[in-house]
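Chemist: Protein chains in written order, with this note's numbering: chain A, 3 to 404; chain B, 3 to 404.
Beta carbons: idealized from backbone N, C-alpha and C, even for Gly.
This structure is a prediction, so every number in the text was calculated from the model and none was measured.
There are 2 protein chains.
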Amino acid sequence: MEKRRFYENKLRQVALTFGFREVETPIFEDAELFILRSGPNVLKELYAFKDKGDRDIALRPEMTAPAIRMFVNNMSNDPKPIKIFYFGQCFRYERPQSGRYREFFQFGAELIGSATPETDAEVIAMAASMIKAFGLKEYRVRIGHIGVLRQRIADAGVPADRAAEVLQKLDKKLYDEARPLMEDMGVSSADIDGIFDLTETVGGPEVLSKVPGDVGDYLRKVVSFLEAMGVETPEIDLGVVRGLDYYTGMVFEAEAPALGAEKQICGGGSYTLSELFGGEKVFSTGFAVGFDRILLAAEKEGQAYEPRGIDAYVLPVSDDMRLKAAEVVAMLRHEGISSDVDIMGRKMGKALKYASAVRARFAVIVGSKEMEEGAVTLRDMSSGEQRTVPVESLPAEIKKTQ
Amino acid sequence: MEKRRFYENKLRQVALTFGFREVETPIFEDAELFILRSGPNVLKELYAFKDKGDRDIALRPEMTAPAIRMFVNNMSNDPKPIKIFYFGQCFRYERPQSGRYREFFQFGAELIGSATPETDAEVIAMAASMIKAFGLKEYRVRIGHIGVLRQRIADAGVPADRAAEVLQKLDKKLYDEARPLMEDMGVSSADIDGIFDLTETVGGPEVLSKVPGDVGDYLRKVVSFLEAMGVETPEIDLGVVRGLDYYTGMVFEAEAPALGAEKQICGGGSYTLSELFGGEKVFSTGFAVGFDRILLAAEKEGQAYEPRGIDAYVLPVSDDMRLKAAEVVAMLRHEGISSDVDIMGRKMGKALKYASAVRARFAVIVGSKEMEEGAVTLRDMSSGEQRTVPVESLPAEIKKTQ
Numbered sequence: 003m004e005k006r007r008f009y010e011n012k013l014r015q016v017a018l019t020f021g022f023r024e025v026e027t028p029i030f031e032d033a034e035l036f037i038l039r040s041g042p043n044v045l046k047e048l049y050a051f052k053d054k055g056d057r058d059i060a061l062r063p064e065m066t067a068p069a070i071r072m073f074v075n076n077m078s079n080d081p082k083p084i085k086i087f088y089f090g091q092c093f094r095y096e097r098p099q100s101g102r103y104r105e106f107f108q109f110g111a112e113l114i115g116s117a118t119p120e121t122d123a124e125v126i127a128m129a130a131s132m133i134k135a136f137g138l139k140e141y142r143v144r145i146g147h148i149g150v151l152r153q154r155i156a157d158a159g160v161p162a163d164r165a166a167e168v169l170q171k172l173d174k175k176l177y178d179e180a181r182p183l184m185e186d187m188g189v190s191s192a193d194i195d196g197i198f199d200l201t202e203t204v205g206g207p208e209v210l211s212k213v214p215g216d217v218g219d220y221l222r223k224v225v226s227f228l229e230a231m232g233v234e235t236p237e238i239d240l241g242v243v244r245g246l247d248y249y250t251g252m253v254f255e256a257e258a259p260a261l262g263a264e265k266q267i268c269g270g271g272s273y274t275l276s277e278l279f280g281g282e283k284v285f286s287t288g289f290a291v292g293f294d295r296i297l298l299a300a301e302k303e304g305q306a307y308e309p310r311g312i313d314a315y316v317l318p319v320s321d322d323m324r325l326k327a328a329e330v331v332a333m334l335r336h337e338g339i340s341s342d343v344d345i346m347g348r349k350m351g352k353a354l355k356y357a358s359a360v361r362a363r364f365a366v367i368v369g370s371k372e373m374e375e376g377a378v379t380l381r382d383m384s385s386g387e388q389r390t391v392p393v394e395s396l397p398a399e400i401k402k403t404q
Numbered sequence: 003m004e005k006r007r008f009y010e011n012k013l014r015q016v017a018l019t020f021g022f023r024e025v026e027t028p029i030f031e032d033a034e035l036f037i038l039r040s041g042p043n044v045l046k047e048l049y050a051f052k053d054k055g056d057r058d059i060a061l062r063p064e065m066t067a068p069a070i071r072m073f074v075n076n077m078s079n080d081p082k083p084i085k086i087f088y089f090g091q092c093f094r095y096e097r098p099q100s101g102r103y104r105e106f107f108q109f110g111a112e113l114i115g116s117a118t119p120e121t122d123a124e125v126i127a128m129a130a131s132m133i134k135a136f137g138l139k140e141y142r143v144r145i146g147h148i149g150v151l152r153q154r155i156a157d158a159g160v161p162a163d164r165a166a167e168v169l170q171k172l173d174k175k176l177y178d179e180a181r182p183l184m185e186d187m188g189v190s191s192a193d194i195d196g197i198f199d200l201t202e203t204v205g206g207p208e209v210l211s212k213v214p215g216d217v218g219d220y221l222r223k224v225v226s227f228l229e230a231m232g233v234e235t236p237e238i239d240l241g242v243v244r245g246l247d248y249y250t251g252m253v254f255e256a257e258a259p260a261l262g263a264e265k266q267i268c269g270g271g272s273y274t275l276s277e278l279f280g281g282e283k284v285f286s287t288g289f290a291v292g293f294d295r296i297l298l299a300a301e302k303e304g305q306a307y308e309p310r311g312i313d314a315y316v317l318p319v320s321d322d323m324r325l326k327a328a329e330v331v332a333m334l335r336h337e338g339i340s341s342d343v344d345i346m347g348r349k350m351g352k353a354l355k356y357a358s359a360v361r362a363r364f365a366v367i368v369g370s371k372e373m374e375e376g377a378v379t380l381r382d383m384s385s386g387e388q389r390t391v392p393v394e395s396l397p398a399e400i401k402k403t404q
């Protein structure tokens, strides 16, 4: 948990620096909300149940729908754009595997009410800063555009109500299954090849010349803003499809090769969702970070988290010094120094062993002889060095090595 | 949420300063765990359901049972004492009312594996420091001892398996109901009066002279340690009963008069619980803080939380300055300055209005003329004062007023 808080705070710091504000939504909501966003298939992996009031509720499987529901209910009149982020537990009943748990932590952000290249660049830049904040060395950000692909398959004759089927196959690069599917819909061989070709458009910004119409210009602008913000030039990949219907334009994903097959650590894009929840149609761009997975990636890259200990462990040399020891520890805590005191009546040797176990940097030994002169013995726990220090200079002595 | 995080971090800081370490437990557990701790009555207010694997699970109604379950499973061999704290959502299906929600945040701490007056004092001292950290002016800490009351009613002839019934009446000061109940059990009138008298033993440490046996001495030591640690002398109140069976000795509560009838903000005591979850019997002292309720108390006392805004809002005066503005905002963020940039192509007037709405301290106006000389216009949003500042000294200028 200590480690999780450490990284969580890094993410929070990045989000605050980008001018996003934190929100929290309930752990459970009407199950309907998640079905509206993700389709009925989501039911298979929902923790859904009836509460004592016979309401159909579900533990949240993600936080975009709750965040947008909250926007519709409580924030729709706030000045746009609205920049919010959230961090919390989500739940999916699926087979647990490496970096994939039934209860997992998700970090996400939504930039609501704006639809410009700057908007998309802002969100991608924040995602990249977060990955960097994790200390991840190897990662790739891939940017695509779902609009161009949707347009292409519509032009080729795929009926609107069957587009999702086709996109799902393309998302998973299942060309062998996508081809007969589209043939059945009467799509020509040349169009099918053209569609496959589009999803294989991958490379530097130069491949944008192959992107038809305004979308090429649009993505070029996104890339320019990213460059101005000092973000490493991302890869263009028009094969980034994302699984969900509500994306409208730019989509992006980040992956960490260290994770192997389950390598996606972050994904998002521009979308409209509020109209599904009874609000007006509002363009937004958002993304989510798989917190547990990115943590795992950092670990696999060999990053070690060094657990923090406490600053000082106070131990009385005899029972008549116990009240004095309590005074000393209270004084240290008052100065903001994390400290602990022997409460089990242990003898010196055992107490020092415990101080090591809780990773105390110093032991403060309270003895009657030193105390007569208003002093204690300060022991450096790593070197074993000891010296007598007046009680009033104890906080300064401990702080100067922090 | 911003406000909640602000206060949550204050509590976390106190806990870390006291040498406690943070843990987190799952949002749901086997329903059995909570019944083991709280008795079958808890089912009435549990969010309990079956998962897809037909397991009986429940959203956690409290975090002591999960924390001790975690101790038994994962930490039982760690050096004692073990000092842990946690902060998270809990769930109870009960009538929502002021400061009492179906989903609520609970902060708690457990000091596991020690049973000395110092242990109890350490925990009470931390609770008091937390209440202070909230800035609460009016509060009372009352300390009792469940052991002395249990002993007294056993001596008076209340059978062990009916003690809970009697204690529940005493907890609620329902003397009219407690008397016939005990009479039915054959308790003498004199003993009943003696028991009532004991629960009415309230006052400063001097009332401890009325407390029989070792318990008086024990509580006197607790009070001495609290005084040594600079904690205001608490009230002794042997009428503090606490609702649960597993408390063994010292029990305490804190209340905020500002809250009226629902005034309890914190409660705890020493207990054994691990043996119910398959572990060895281990003495512990713990407490929980009603986070939402203490927040409400601080509000009722007139404490206002001032929402934080951002440090700087960057706005380009014309479209050809947009990439420059992106550079400037990225530079500020790199320096840890929370900042935002116009992404909607707004004209100056509207952009400044938005900057006010998001409580920006400064507007950074990026114009082509100033930019030629590597400078921008820095506008103090509260005074309206504007001056030209070289880009490289912008971070220092903004930071010096933080």
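(1) Relative to chain B, which residues along the segment 21 to 55 of chain A have a C-beta separation below 7 Å, given in chain order?
(2) With a floor of 4 residues, list each alpha helix (DSSP H) that falls wholly inside the segment 316 to 357 of chain B, ordered by position along the chain.
(3) Rounded to a whole number of angstroms, what is the C-alpha to C-alpha distance between Ala129(B) and Asn79(B)?
(4) Going by C-alpha distance, which of Gly292(B), Asp344(B), Ser370(B) and Glu374(B) is nearest Gln108(B)?
(5) Looking at C-beta atoms only, is the number of pairs between the segment 221 to 238 of chain B and the segment 318 to 329 of chain A that lie closer than 8 Å three or more?
(6) Who are the Cβ neighbours of Asp344(A) in its own chain at under 6 Å, not counting the five residues just before and after it?
(7) Which whole runs of the alpha helix (DSSP H) in the segment 178 to 209 of chain B are 4 residues long or more, in chain order?
(8) Sorted by chain position, which residues of the same chain lie with C-beta nearer than 6 Å to Glu337(B)'s C-beta, five sequence neighbours on each side aside?
(9) Can you pull out the residues from the segment 292 to 323 of chain A whose beta carbon lies closer than 7 Å to at least one beta carbon of chain B?
(10) By the DSSP assignment, the beta strand (DSSP E) with Arg144(B) in it spans what residues?
(11) At a Cβ cut of 7 Å, what residues of the segment 181 to 193 of chain B count as close to chain A, listed as they run along the chain?
(12) Verify the CB distance criterion: does Asp342(B) have a CB-CB separation below 7 Å to chain A?
(13) What does Ser272(A) reach in chain B if we use C-beta pairs closer than 7 Å?
(14) Just checking: is the beta-carbon of Ile345(A) within a distance shorter than 7 Å of some beta-carbon in chain B?
(15) Mind checking whether Arg144(B) and Asp239(B) have CB atoms under 7 Å apart?
(16) Is the distance from the Cβ of Gly110(A) to the Cβ of Ala290(A) below 7 Å?
(17) Residues bridged to Val168(B) by DSSP?
(18) Is DSSP giving Thr27(B) helix, strand or coil here?
(19) What in chain B is Cβ-close to Val91(A), meaning under 8 Å?
(20) Beta-carbon separation of Ala359(A) and Pro119(B) under 7 Å?
(21) Tell me which residues share the same chain as Leu210(B) and place their Cβ nearer than 7 Å to its Cβ, disregarding the 5 neighbours each side in the sequence.
(22) Glu237(B) lies in the beta strand (DSSP E); which residues open and close that run?
(23) Using CA coordinates, which residue listed in Phe254(A), Glu167(A) and Leu176(A) is at the minimum distance from Val204(A)?
(24) Closest to Arg7(A) by C-alpha separation, out of Val25(B), Thr19(B) and Gly21(B), would be which residue?
(25) Taking just the CA atoms, how far does Thr201(B) sit from Asp53(B)?
(26) Given that Thr121(B) touches chain A, what residues does it touch there, using C-beta distances under 9 Å?
(27) I need the boundaries of the beta strand (DSSP E) containing Val391(B), first residue and last residue.
(28) Among Met350(B), Val242(B), Leu18(B) and Phe106(B), whose alpha-carbon lies nearest the alpha-carbon of Ile29(B)?
(29) Just the Cα atoms here: how many angstroms apart are Lys302(A) and Pro259(A)?
(30) Assuming contact is defined by CB atoms lying nearer than 7 Å, are Gly369(A) and Val319(A) in contact in what I supplied?
(31) Just the chain B side, please: which residues come within less than 9 Å of Thr250(A) by C-beta, in chain order?
(32) For Arg295(B), which residues from the same chain have a beta carbon less than 6 Å from its beta carbon, with the 5 sequence-adjacent residues on both sides left out?
(33) For Ile197(B), tell me which candidate among Leu176(B), Leu261(B) and Glu47(B) has the shortest Cα-Cα distance.
(34) For Ala365(B), report the span of its beta strand (DSSP E) as first-last.
(35) Using three-state DSSP, classify Gly280(A) as helix, strand or coil.
Modeler: This is what the structure holds:
(1) Gly21, Arg23, Glu24, Val25, Glu26, Pro28, Ile29, Tyr49, Phe51, Asp53 and Lys54
(2) 324 to 336
(3) 27 Å
(4) Taking each of Gly292(B), Asp344(B), Ser370(B) and Glu374(B) in turn and checking the Cα distance to Gln108(B), the smallest one comes out for Gly292(B).
(5) yes
(6) Leu317 and Ala353
(7) 191 to 201
(8) Pro397
(9) Ile312
(10) Arg142 to His147
(11) Sequence-ordered contacts of the segment 181 to 193 of chain B with chain A are nonexistent [C-beta pairs closer than 7 Å].
(12) yes
(13) None at all; the shortest Cβ gap to chain B is about 12 Å.
(14) yes
(15) Yes, the pair counts as a contact, with Cβ atoms nearer than the cut-off.
(16) yes
(17) Looking at the DSSP assignment, Val168(B) forms no beta bridge with any residue, so it has no partner.
(18) coil
(19) Note on residue identity: the sequence assigns Gln, not Val, to residue 91(A). In chain order: Ile29.
(20) no
(21) Gly218, Leu221, Arg222 and Ile238
(22) Glu237 to Asp239
(23) Phe254(A)
(24) Val25(B)
(25) 45 Å
(26) Simply Ile345 and Met346.
(27) Gln388 to Pro392
(28) Phe106(B)
(29) 10 Å
(30) yes
(31) The premise fails here: Thr250(A) is roughly 17 Å from chain B at the closest Cβ pair, so nothing lies under 9 Å.
(32) Counting only residues of its own chain and dropping the five nearest sequence neighbours on each side, Arg295(B) has a CB closer than 6 Å to the CB of Gly101 and Ile267.
(33) Leu176(B)
(34) Phe364 to Val368
(35) coil
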